[in-house]
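Novice: Quick one: this structure, given as structure tokens, is what I'll be asking you about.
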Amino acid sequence: MKNLQDLALEFTNTFVDPDLTVFNPFEIPQVRRLSITTTVHFVPDDLSPALRRAIFSSLFFPGVIDLIVKLKASDCGECEDYFDDKYDRDFFFNKEINRIFRHIDQFPLVESFCLDIFAPYSCYEDSIAHLEAYIPLNMLPSLKRIVMKGNRGFDIKEPEHPDEIFYQEEAAVAPRISGDAFPLLDSVTLDLRIYCAAACWIQEYLRRARDRRSWNSSFKLIIGRKNSMGILEGSYLGEKALEWCSDLLNKYKDGGEYEDFND
Numbered sequence: 008m009k010n011l012q013d014l015a016l017e018f019t020n021t022f023v024d025p026d027l028t029v030f031n032p033f034e035i036p037q038v039r040r041l042s043i044t045t046t047v048h049f050v051p052d053d054l055s056p057a058l059r060r061a062i063f064s065s066l067f068f069p070g071v072i073d074l075i076v077k078l079k080a081s082d083c084g085e086c087e088d089y090f091d092d093k094y095d096r097d098f099f100f101n102k103e104i105n106r107i108f109r110h111i112d113q114f115p116l117v118e119s120f121c122l123d124i125f126a127p128y129s130c131y132e133d134s135i136a137h138l139e140a141y142i143p144l145n146m147l148p149s150l151k152r153i154v155m156k157g158n159r160g161f162d163i164k165e166p167e168h169p170d171e172i173f174y175q176e177e178a179a180v181a182p183r184i185s186g187d188a189f190p191l192l193d194s195v196t197l198d199l200r201i202y203c204a205a206a207c208w209i210q211e212y213l214r215r216a217r218d219r220r221s222w223n224s225s226f227k228l229i230i231g232r233k234n235s236m237g238i239l240e241g242s243y244l245g246e247k248a249l250e251w252c253s254d255l256l257n258k259y260k261d262g263g264e265y266e267d268f269n270d
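Residue 8 is where the sequence shown starts when you use the numbering used here, and the numbers rise one by one after that.
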């Protein structure tokens, strides 16, 4: 364990008796690169969210520099009994993010954060999936670089309840302690199918940075779409990044195309 610098954690669902274990704080200081993968399920009796909340409330990674969080939506086939008449599905990845990021001292040195969202398409033509996620800036005080990936569009918003619990036993888990960090970012890379929500988030971040007099003129926005030759097409510095966001959002307001930029 002393030489462990790369660590990958993956969590799946569990159907167990709801006797929740409260874990003691545990530091893993030697890890430098950490990957966390979880699956958000659509079944109401899935207890794994409560278990993940308990586990991450105890884990601290004071040496991690590169952090990857992969959030997957469960396949529609395993939960079709819970669809409504229109096969609508809501996946609140933002709640899952709050189950992972539990304390301001949990990831104090992370400089690179990648958020990767994946949700399979339904076999039902009239199925609608609503996805929500967000970037926990206030929990990553040393953050410099963000990468957002997603095979489907998702809204970027914080959950309505920052530390939601599902049953009474969860109250024994240490509460979430939010930070107030506002890191000065060097770059944001977007590898998305739909860019509108990300453009809105970046625009808000850059305006807040300017208001706080922490504007980084060398900030770079990198667009991960590919042209016909498979080459990354765009990067925008400083004010140009803000202009790109404004242009895209104005195009959306005017009813223009804003999705499927990979085509």
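From the three backbone atoms N, C-alpha and C, an ideal C-beta is built for every residue, glycine too.
Values in this document were obtained by computation on a predicted structure and should not be read as measured data.
Contact defined as beta carbons within less than 8 Å: I believe GLU34 pairs with ILE72. What is the distance between those atoms, to the nearest angstrom?
Specialist: Incorrect: roughly 16 Å between the Cβ atoms, too far for contact.
Novice: Hey, how far is the Cα of ARG96 from the Cα of ARG217?
Specialist: Roughly 38 Å between the two C-alpha positions.
Novice: Output needed for ASP112: all residues of its chain with C-beta closer than 8 Å, excluding positions within five of it in sequence on either side, in chain order.
Specialist: Excluding five sequence positions before and after ASP112, the CB atoms of its chain that fall closer than 8 Å to its own CB belong to PHE67, PRO69, given in chain order.
Novice: By how many angstroms is the C-alpha of THR45 removed from the C-alpha of ASP133?
Specialist: For ASP133, the predicted structure reports a pLDDT of 46, less than 50, and the residue's modelled location is therefore unreliable. The matter cannot be settled from this model.
Novice: What three-state label does DSSP hand PHE63 in the structure shown?
Specialist: helix
Novice: Between ILE153 and the rest of its own chain, which residues show a CB-CB distance below 6 Å, the 5 nearest in sequence each way excluded?
Specialist: PHE120, VAL195
Novice: Roughly how many angstroms separate the alpha carbons of PRO56 and LEU11, rounded to a whole number?
Specialist: 27 Å
Novice: Give me the Cβ distance between LEU192 and GLY231, rounded to the nearest whole Å; I'm assuming they're in contact under 8 Å.
Specialist: Contact flag wrong, Cβ pair sits at about 16 Å.
Novice: Which residues in the same chain have their Cβ closer than 7 Å to the Cβ of PRO32, if we skip the five residues on either side of it in sequence?
Specialist: Excluding sequence neighbours, PRO32 sits near SER65, PHE67.
Novice: Less than 7 Å between C-beta atoms, sequence neighbours within five positions excluded: which residues of the same chain meet that for TRP251?
Specialist: LEU228, TYR243
Novice: Would the beta-carbon of PRO143 fall within 7 Å of that of ILE104?
Specialist: yes
Novice: Hey, ARG59 and PHE98: beta-carbon distance below 7 Å or not?
Specialist: No, these two residues do not count as a Cβ contact at 7 Å.
Novice: Please list the terminal residues of the continuous alpha helix (DSSP H) segment that includes GLU17.
Specialist: Careful: GLU17 lies outside any alpha helix (DSSP H), inside the beta strand (DSSP E) at 13–18.
Novice: Quick check on this structure: which residue in THR28, LEU213, LYS9, LEU16 has the alpha carbon closest to the alpha carbon of GLN175?
Specialist: THR28
Novice: For ILE124 versus ALA140, is the C-beta spacing smaller than 7 Å?
Specialist: With contacts defined by Cβ atoms closer than 7 Å, ILE124 and ALA140 form a contacting pair.
Novice: For SER42 and LEU116, what's the separation of their Cα atoms in angstroms?
Specialist: In a straight line, the C-alpha of SER42 is about 15 Å away from that of LEU116.
Novice: Confirm, please, whether the CB-CB distance from LEU256 to ALA206 is below 7 Å.
Specialist: Judged by their CB atoms, ALA206 and LEU256 are nearer to each other than the 7 Å cut-off.
Novice: Under three-state DSSP, which class holds GLU118?
Specialist: In the structure shown, the three-state DSSP call for GLU118 is coil.
Novice: In angstroms with no decimal places, state the Cα-to-Cα distance between GLY245 and PHE226.
Specialist: 5 Å
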